[in-house]
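The sequence shown begins at 34 in the numbering used here and counts up by one. Just below is one structure, and these are the notes that go with it.
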Amino acid sequence: MTAKPLVAGNWKMNPAAANFTELASAIADEIDKIDGVVKVLCPPTVALREVATVLEGRDVLVGAQDGHPEPSGAYTGEVAMGMLGQICSHVIVGHSERRALFGETDHVVAQKAVAAIANGLSPIVCVGESLDIRDAGDAIKFVHDQIVGSLTGVDNPSSVVIGYEPVWAIGTGVSARPDVAGEMAESIRNTLMDLYGDEAALAIPILYGGSVSPENIGPYIDRPHINGALVGGASLKPNDFGQIVSLVASIRG
Ligand code: PGA
């Protein structure tokens, strides 16, 4: 079984003066009818319910950008995976911004992935190396270790999605060369095979993320182990996001 193509839009803490309904509905108009690709919009937490309402009856899913592993308790400002599970199908965990700005370790990311799955959510587990690590020639090993660490305790990976996002490519306009991303995706696949066996590993979607645009998406999706994209900036532009989803569908769908 091969992984089903997936494209997720990570809105991050944007847009500032939001009309979430308008944006979600404009994006849904672009992508609703595109078959063969799982489509996920990840708005800020405050907009999850609103966006879920807009997407009701449409072939577009809602994802959160993060969640807390504990089921409840004194965690001011946090939202439990169980709460998200009532609204969303997916949740991003371990995005490099969370790792860098909020000190999330592989251990924490793994706890989040386990809690997400326990609450019926598909975790989009993000990994990726910094430029220093890549320049030192350690990227493959670093990401291998991140995958192993971030999936510790995940016994059944059937709902897991991996997002490979080189840190130096996120929001910079400098996307990774498709052969570089393809090589990393193959290495990630091998790590997943070691962890879960060939059949289960082949069914896990591996997404490329980092300055994805309609202009550059094609060559990534041509790589055998890249099954889709995690899109930041371009996911706020309905037309661009629509083109990305449609290109993934035409190549992989
Ligand atoms: P970008 O962000 O597409 O704006 O580079 C990707 C991400 O952070 O998920």
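Ideal placement from N, C-alpha and C gives every residue a C-beta, glycine not left out. Note that this is a predicted model, so its numbers are computed, not measured.
8 Å contact criterion, which residue i and residue j should meet: CB distance rounded
i	j	result
SER183	ASP139	5 Å
PRO104	GLY115	5 Å
GLY161	SER122	That pair is no contact at about 23 Å.
ILE284	ILE254	4 Å
LEU225	ALA218	Going by Cβ atoms, the distance from LEU225 to ALA218 rounds to 10 Å, so no, they are not a contact pair.
ILE74	GLY42	It should be pointed out that residue 74 corresponds to Leu in this sequence rather than to Ile. Yes, LEU74 and GLY42 are in contact; Cβ-Cβ is about 5 Å, under 8 Å.
PRO238	LYS37	6 Å
VAL264	VAL245	5 Å
GLY127	VAL158	6 Å
GLY186	VAL147	5 Å
Distance, residue j Cα to residue i Cα
i	j	result
VAL53	TYR197	With the sequence shown as reference, residue 53 is identified as Phe, and Val is not the correct amino acid for it. The alpha-carbon atoms of PHE53 and TYR197 are separated by roughly 27 Å.
PRO247	GLN276	6 Å
PRO257	VAL93	25 Å
GLU216	PRO156	23 Å
GLY230	GLU55	43 Å
GLY106	GLU89	31 Å
ILE150	SER192	7 Å
ALA143	LEU240	18 Å
HIS177	THR109	33 Å
LEU154	GLY251	28 Å
VAL200	SER163	5 Å
GLU111	LEU81	14 Å
ILE64	ASN223	32 Å
PHE274	VAL71	13 Å
GLY286	ASP165	36 Å
Exposure label - residue i; buried when at least 16 CB within 10 Å
i	result
LYS145	buried
VAL207	exposed
ASN260	buried
VAL95	buried
GLN119	exposed
LYS174	exposed
LEU39	buried
LEU134	exposed
VAL79	exposed
LYS66	exposed
ASN152	buried
GLY170	exposed
ALA232	Per the sequence presented here, residue 232 reads as Glu, with Ala not at that position. Result: exposed.
GLY243	buried
GLY136	exposed
Simplified DSSP state of residue i, which is helix, strand or coil
i	result
TYR108	coil
SER122	coil
LYS21	Missing from the structure shown is residue 21; the chain here goes from 34 to 286 and no further.
ASN43	strand
SER155	strand
LEU81	helix
HIS101	strand
LEU263	strand
GLY96	strand
ILE237	coil
VAL200	helix
GLY182	helix
GLY242	strand
LEU193	Before going on, a small fix: residue 193 reads as Val here, not Leu. The answer is coil: DSSP assigns VAL193 none of H, G, I, E or B.
ALA209	coil
VAL147	helix
ALA113	strand
VAL187	coil
Any 3 or more C-beta pairs closer than 8 Å across the stretch 264 to 278 and the stretch 60 to 75 | These segments touch.
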